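Once you know that position 131 of the sequence shown is 131 in the working numbering, the rest is easy, because the numbers rise by one and skip nothing. So the structure is just underneath, and the comments pick up after that.
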Amino acid sequence: MKNIVSLFDGISCLQIALERAGIPYENYYASEIDKPCITITQKNYPKTIQVGTICDLIKFVSLPADIDLLVGGSPCQGFSLMGNQLNFNDHRSELFFEYVRIWKLLKPKYFILENVRMRKDIQDAISYIMGVQPIEINSALFSGQNRRRLYWTNIPNVVKNLAQKLGPSSLITGKSLLTDNSYEIATVRKGNPRQIVKPATNKLPCLTASYYKGINADGRPGKAKSFGDYEIGKIEMLSPVECERMQTVPEGYTEGVPKTHRYKALGNGFTVDVIAFILSCIP
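Okay, structure coming up:
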């Protein structure tokens, strides 16, 4: 490939995925405004061309006419079934239309749009705009976490090749990602924090950008304090390296910024091996 444009680039998980898929490229244009994310990207990929905010991308940046690949995961809080479901009325969802605007202007050969599961009517509206139906992929097929996401793409044979991928995911367990296997994430009964009610599943909960705030008793993001001991069952936050493993990001990739920024960046990023798989379907 010659020219790639990544919107909401984050920490450039797309560049890692391109490497894993064995796809060389000449120019990589990244639209990102978060400074810690840019620091991480430039440390790992110093040739990345940072073009600033997506809203100014076309106004002030001269991009080549031949774009081979456009990829973006617009902020998803407005669409998520776990949120307030304001959807297109949420200001955070306006960036989806910026993605569409740039997609129509650049006319890339291939595109990928990633987002969370959402209300069916909103999903159908996006499908109508993009001209393709989404493919739902759970990162559990490629990693040790449950992370169900929708991918709109014109890359062919993704569904066909994905069907051949089903099954072996059970080989990748959440516990295999942990540095210290002497503790488990477990669900505990309310009011009795030392009693394990349900053991940890083989897959860890979905990593989100709010993980840095702490975790609740079930291992999910929250403000509850960690507690427990090794004999009865211990609940504690995953390390940044363990979160890198969850997202199939190289260990130490996010080093160089404060830990809270590492958690946020990883929670907002792609599961690299999912994107690498989709890219591997390019003829």
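Backbone N, C-alpha and C fix where the C-beta goes; we use that ideal spot for every residue, glycine too. Since we're looking at a predicted model, the values are computed, not measured.
C-alpha distance - residue i paired with residue j, whole-angstrom precision
i	j	result
G144	M237	15 Å
S280	V71	14 Å
I287	S6	Outside the modelled stretch of the chain, which goes from 1 to 283, sits residue 287, for which no answer is possible.
D34	T260	13 Å
K223	I155	Low confidence applies here, because K223 scores a pLDDT of 47, under 50, leaving its location unreliable; read the following figure in that light. Computed Cα separation, rounded: 41 Å.
G267	L69	23 Å
K2	F8	20 Å
M118	A125	11 Å
Y99	R262	25 Å
T173	R245	Interpretation of T173 is limited by its pLDDT of 49, a score under 50 that renders its predicted location unreliable; the figure taken from the coordinates is listed afterwards. Cα to Cα, T173 sits roughly 11 Å from R245.
E231	Y253	With a pLDDT of 36 at E231, under the threshold of 50, the modelled position of that residue is not reliable, and no figure is offered here.
K109	P283	12 Å
Under 8 Å between C-beta atoms of residue i and residue j
i	j	result
A276	A17	yes
E136	L150	yes
R147	T271	yes
I54	L14	no
G73	N115	yes
DSSP-derived helix/strand/coil call for residue i
i	result
N44	helix
V188	Reliability of the predicted coordinates at V188 is poor, the pLDDT of 35 falling under 50, and no value is obtained from them.
I275	helix
G256	coil
T153	strand
Q15	helix
Q295	No information on residue 295 is available, as it lies outside the stretch 1 to 283 that the chain covers here.
S6	strand
N115	strand
Y25	coil
L63	coil
Q145	strand
I33	coil
Rounded Cβ spacing between residue i and residue j (contact assumed at less than 8 Å)
i	j	result
L63	Y25	So it is not a contact: roughly 14 Å between Cβ atoms.
P57	I4	Residue 57 is actually Leu in this sequence, not Pro. The Cβ separation is near 14 Å, so there is no contact.
F111	D273	No, F111 and D273 are not in contact; Cβ-Cβ is about 20 Å, not under 8 Å.
I11	G269	6 Å
T153	I49	Between I49 and T153 the Cβ distance is about 23 Å, and since that is not below 8 Å, they are no contact.
Determine, using beta-carbon pairs with one atom in the region 29–43 and one in the region 129–136, whether at least three such pairs fall under 8 Å.
no
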